[in-house]
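Numbering of the sequence shown is given in this note's numbering, commencing with residue 77 and proceeding in unit increments. Everything below concerns the one structure shown next.
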Amino acid sequence: MQNLLPGKFGQAASSASDSMKQQHDPNSGFPWWVRFLAKALGIIGGFVAMFFAVLGLLTLSPRCAIASLLQLAAGFLTVALEAPFCCAFVDFIERIAQFSESRAYWQKAALYCIMGAIPCLICFELGTVLGTAMIIAAGFAYGFMALGKKADRDTMMGNIGGGGQDPAWSPQVNQPFPQPAGFNQP
């Protein structure tokens, strides 16, 4: 496809087109809605975390102020990693986006869960819990994606008992039923 737009706009449009093709790849391991759910949780969670962090800065407790600053940074980083177009004012956002897209799902899951848990551990208040809950939920979504897709029924049935190599695990094992001891039997 020929790039018809000049300069940075053309590069951005072609990279967006390549990203769209990659996101709608039928050979990927997950449906499109699972990937978009994880991204949406991250984007919305980042904005919610930033909102509650700004409200949390109005506190008199220094621990909660530090937790709110960390929550603000976590929200901004989550938005920058998931939706770099929202942070177009940052000069190096393109490198951050490429770095984010090249990470494995388990790395994103660990990052989001840790980023969301730290402010809650420092100051466990309603604002920090509500602010970081969706970031942690995005981490869980990426964690489930890291675990992989469930196998189909035939594959799972074929793997019962290690592929049927050990007869003790076979469901067709005929074992004698023990007779219960009664009052008249020793």
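Glycine included, each C-beta is placed from N, C-alpha and C at the ideal position.
Return the first residue and the last residue of the alpha helix (DSSP H) that residue i is part of.
{"i": "F152", "result": "138 to 158"}
{"i": "E177", "result": "169 to 177"}
{"i": "A180", "result": "Here A180 belongs to no alpha helix (DSSP H), and DSSP marks it neither H nor E."}
{"i": "D230", "result": "229 to 234"}
How about residue i and residue j: do their beta carbons lie closer than 9 Å?
{"i": "A213", "j": "G121", "result": "yes"}
{"i": "V155", "j": "M126", "result": "yes"}
{"i": "A143", "j": "A180", "result": "no"}
{"i": "L39", "j": "A217", "result": "Given a span of 77 to 262 for the chain in the structure shown, any question on residue 39 remains unanswerable."}
{"i": "I211", "j": "A150", "result": "yes"}
{"i": "K225", "j": "F112", "result": "no"}
{"i": "A129", "j": "Q147", "result": "yes"}
{"i": "C199", "j": "G132", "result": "yes"}
Is residue i buried or exposed, if buried means 16 or more other CB atoms sit within 10 Å of its CB?
{"i": "N103", "result": "In this prediction, N103 scores a pLDDT of 47, lower than 50, which makes its location untrustworthy; no coordinate-derived value is stated."}
{"i": "P208", "result": "According to the sequence shown, residue 208 is Thr rather than Pro. Buried, because 16 or more other Cβ atoms sit within 10 Å of the Cβ of T208."}
{"i": "T204", "result": "buried"}
{"i": "P138", "result": "exposed"}
{"i": "K184", "result": "buried"}
{"i": "A227", "result": "exposed"}
{"i": "L153", "result": "buried"}
Can you tell me which of the three DSSP states residue i falls into?
{"i": "C196", "result": "helix"}
{"i": "N103", "result": "With a pLDDT of 47 at N103, under the threshold of 50, the modelled position of that residue is not reliable, and no figure is offered here."}
{"i": "G132", "result": "helix"}
{"i": "K225", "result": "coil"}
{"i": "V124", "result": "helix"}
{"i": "A217", "result": "helix"}
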